[in-house]
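A short write-up of the structure that comes next.
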Amino acid sequence: MTTPEHVAIIMDGNGRWAKARGLPRVAGHRAGVEALRKAVRAAGDAGVSWLTVYAFSSENWSRPKTEVSDLMGLLKLFIRRDLAELHHSGVRVRIIGEREGLAPDIAALLEEAETLTASNRALNLVIAFNYGGRDEIVRAARRIAEAAVKGELDPANLTSEGFADFLDTSGIPDPDLVIRTSGEQRISNFLPWQSAYSEFVFLSCFWPDFTREHFAESLRQYAARERRFGATVAESVPAGVAS
Ligand code: IPE
Ligand code: IPE
Ligand code: MG
């Protein structure tokens, strides 16, 4: 079976999971953290090298203040509680998204997670936090323009590979497979540049219910896909047909 090198997940449906149980939304987010722990283990066990998870989007700031602060609190808790174990399991943590404007304690924790795990090689866990694809592209364009103004870069020589070096994901392979839970079939500003040729699997389960079986099923669906990248696939000539 072809295993994807990089799986990216839009962890969606925490709120609806909680609502279905008559619980506050924060209970759904807490259960979502538990599902994330399981997903990290499942990805490692499946031999996936990169796992990117969408934890907080640049648009999620428009949620009620209390929910935003619950989500910030959970990120802090996740890093404080799980960092040692992730490090012990050889997981390298990297964060993508806008760092500017984050609370200093959160910025410091993100930095600590990246620094502590920098030389780990078992699994790369990329956390998209305060991430928005358009925002990422605009920040890259701004830095490219600044480099051009300084004469460090000639716009005539800019290629897509060169552009990608200015994205937060510089050095990270594009996702082969993007999974979204909760039944929604949209990307919600998640890795729009990087997922240009990704395969998508949409699952109806809410994120807190995501298990390693869902992960395995997504990998099976991926393995059955035929990726063409715009080219044609060499067709085999049926037996008995003269060419
Ligand atoms: C995903 O669950 C978690 C984040 C966006 C942070 P939601 O909070 O979006 O849950 P639903 O989509 O409202 O059910
Ligand atoms: C995407 O889910 C963001 C994360 C999973 C972090 P949302 O729930 O914010 O997306 P929409 O609003 O349904 O598009
Ligand atoms: Mg949602």
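In terms of the working numbering, the sequence shown is residues 22 to 264.
The beta carbon of each residue, even a glycine, is placed where N, CA and C say it ideally should be.
Start-to-end residues for the alpha helix (DSSP H) that takes in residue i
i, result
"ASN35", "35-41"
"GLU132", "125-138"
"GLU220", "Not the alpha helix (DSSP H): GLU220 falls in the beta strand (DSSP E), residues 220-223."
"ALA170", "Per the sequence presented here, residue 170 reads as Val, with Ala not at that position. It spans 154-170 - the alpha helix (DSSP H) in which VAL170 sits, taken as one unbroken run."
"ILE100", "86-109"
"VAL61", "46-67"
Segment limits, beta strand (DSSP E) that includes residue i
i, result
"ILE116", "112-117"
"PHE184", "Not the beta strand (DSSP E): PHE184 falls in the alpha helix (DSSP H), residues 181-185."
"PHE77", "71-78"
"ILE200", "198-201"
Test item: CB-CB of residue i and residue j under 9 angstroms
i, j, result
"THR73", "ILE193", "yes"
"VAL147", "ALA29", "yes"
"ASN141", "PHE77", "no"
"TRP228", "ALA185", "no"
"ARG248", "TYR218", "yes"
"GLY172", "GLY118", "no"
"THR138", "LEU98", "no"
"ARG58", "ASP103", "yes"
"ALA52", "TRP38", "yes"
Buried versus exposed call for residue i [16 or more other C-beta atoms within 10 Å across all chains shown]
i, result
"GLU132", "exposed"
"ALA161", "buried"
"GLU157", "buried"
"ALA177", "exposed"
"TYR243", "buried"
"MET32", "buried"
"GLN206", "exposed"
"HIS109", "exposed"
"PHE231", "buried"
"GLU167", "exposed"
"THR180", "exposed"
"ILE220", "Sequence inspection shows Glu at residue 220; the Ile mentioned does not correspond to that position. The residue in question, GLU220, is buried, as its Cβ has 16 or more Cβ neighbours within 10 Å."
"ASP175", "exposed"
Sequence-distant residues of the same chain with beta carbon closer than 8 angstroms to residue i, five excluded per side
i, result
"SER216", "ALA29, ASP195, PRO196, VAL199 and ILE208"
"MET301", "Residue 301 falls outside the range modelled here, since the chain spans only 22 to 264, and no answer is possible."
"ARG68", "It is Gly, not Arg, that sits at residue 68 in the sequence shown. The residues are THR24."
Cut-off 7 angstroms between Cβ atoms - residues of its own chain near residue i, not counting five sequence neighbours on either side
i, result
"ILE100", "LEU130 and ALA134"
"THR136", "none"
"GLY94", "none"
Cβ-based neighbour list, residue i, same chain, cut-off 6 angstroms, excluding 5 preceding and 5 following
i, result
"GLY204", "SER225"
"TRP71", "HIS27 and ASN145"
"ALA56", "TRP228, PRO229 and PHE231"
"PHE223", "ARG201 and GLN206"
Proximity test, residue i beta-carbon vs ligand 4 heavy atom, cut-off 8 angstroms
i, result
"HIS50", "Ligands present in the displayed structure are limited to ligand 1, ligand 2 and ligand 3, and ligand 4 is not among them."
Chain D contact for residue i (CB, 9 angstroms cutoff)
i, result
"THR202", "As a matter of chain content, chain D is missing from the structure shown, which is built from one protein chain."
Pairs of beta-carbons, one from the segment 78-93 and one from the segment 42-60, closer than 8 angstroms: are there three or more?
Touching, per the Cβ criterion.
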